[in-house]
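**Student:** The structure follows.
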Amino acid sequence: MKHNYQFVLMGLLVSNLGFFVQDIILPPARLAAEPPPTGTTTTPTVTPTPGMTTPTITPTPGMTTPTVTPSVGTPASEETKLYKELEDALIRQDWRKADAATFQLLLAIVGPQSKQQGRFVLEEWRQKLSSDKDAFCKKVVDIDALWSSKSGGQLGFKVQKDIFEEVGKNASKFYETIQWRLPGQDIVKVEWRYEQLEGKTKYIAGLEPIFTKSPTPPRGHLPAMLEWEDGREHRFQMIYICGL
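The sequence shown begins at 1 in UniProt numbering and counts up by one.
Take a look at the structure:
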């Protein structure tokens, strides 16, 4: 059975700001290949189709590297260290380490509960998007700029937003375009899972993204792994609120 994974458009009340923010939440990636329960929607997370070509990624000349100011409540040395790990990995085009470093850095930025749990705690996440929005978004923009500058504009959150809009904000087409699932099929190609006992989010064996230098990851393919405690995909919530 084929499913049409449309995004869920919700009105999220941000009480500190006093207005409703349009919040785009996609269905959970891990349920993409399973029939959705009645009354719910599901999400895919996918890799590349064999034989598909991808662009060569080269750093964009003249672009500067941003800096990240540590979050309140997060040890400055830890956040700075994680940012440096991300920067170094992207300079080397070590996409695997860059993907992991992005997740760990965002966990540290969002807050100690998220960092400890190994996935985003919704209460902390919503706090960052409301009362601490400016500081949080500055760091998100800096992280995205780093991805863009080291990938020739092919990777990063803004690129993912651009693709999402290019396909009419259709979740299925988005995941297919960035090669996280096979076109027209319920076959997930990139998938991760939260391991409750370990408190870690891991890629499922055989369902990792393209981390190779040649061929390079497809446009918008990375960063991939981000996990929330409700199992849904909130990255566009962050992307749109932060104005990427």
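Beta carbons: idealized from backbone N, C-alpha and C, even for Gly.
Just to check my reading of the structure: L26 and E233 have Cβ atoms closer than 8 Å, yes? What is that Cβ distance to the nearest angstrom?
**Tutor:** 4 Å
**Student:** Only counting the same chain, and skipping five residues up and downstream in sequence, which positions put a Cβ closer than 6 Å to that of E85?
**Tutor:** A101
**Student:** Can you tell which of V141, P218, E198 has its C-alpha closest to the C-alpha of V190?
**Tutor:** P218
**Student:** Are I109 and K81 closer than 8 Å when you measure CB to CB?
**Tutor:** For the 8 Å CB-CB criterion, I109 and K81 do not form a contact.
**Student:** How many Å lie between A224 and F103 at the Cα?
**Tutor:** 9 Å
**Student:** From the DSSP output, which residues share a beta bridge with I163?
**Tutor:** According to DSSP, I163 bridges with nothing at all.
**Student:** Return the first residue and the last residue of the alpha helix (DSSP H) that T102 is part of.
**Tutor:** Taken as a continuous stretch (DSSP letters only), the alpha helix (DSSP H) holding T102 covers 95-110.
**Student:** Helix, strand or coil for T80? Go by DSSP, reduced to three states.
**Tutor:** It is helical.
**Student:** For E198, does the count of other Cβ atoms within 10 angstroms reach 16, so buried, or fall short, so exposed?
**Tutor:** exposed
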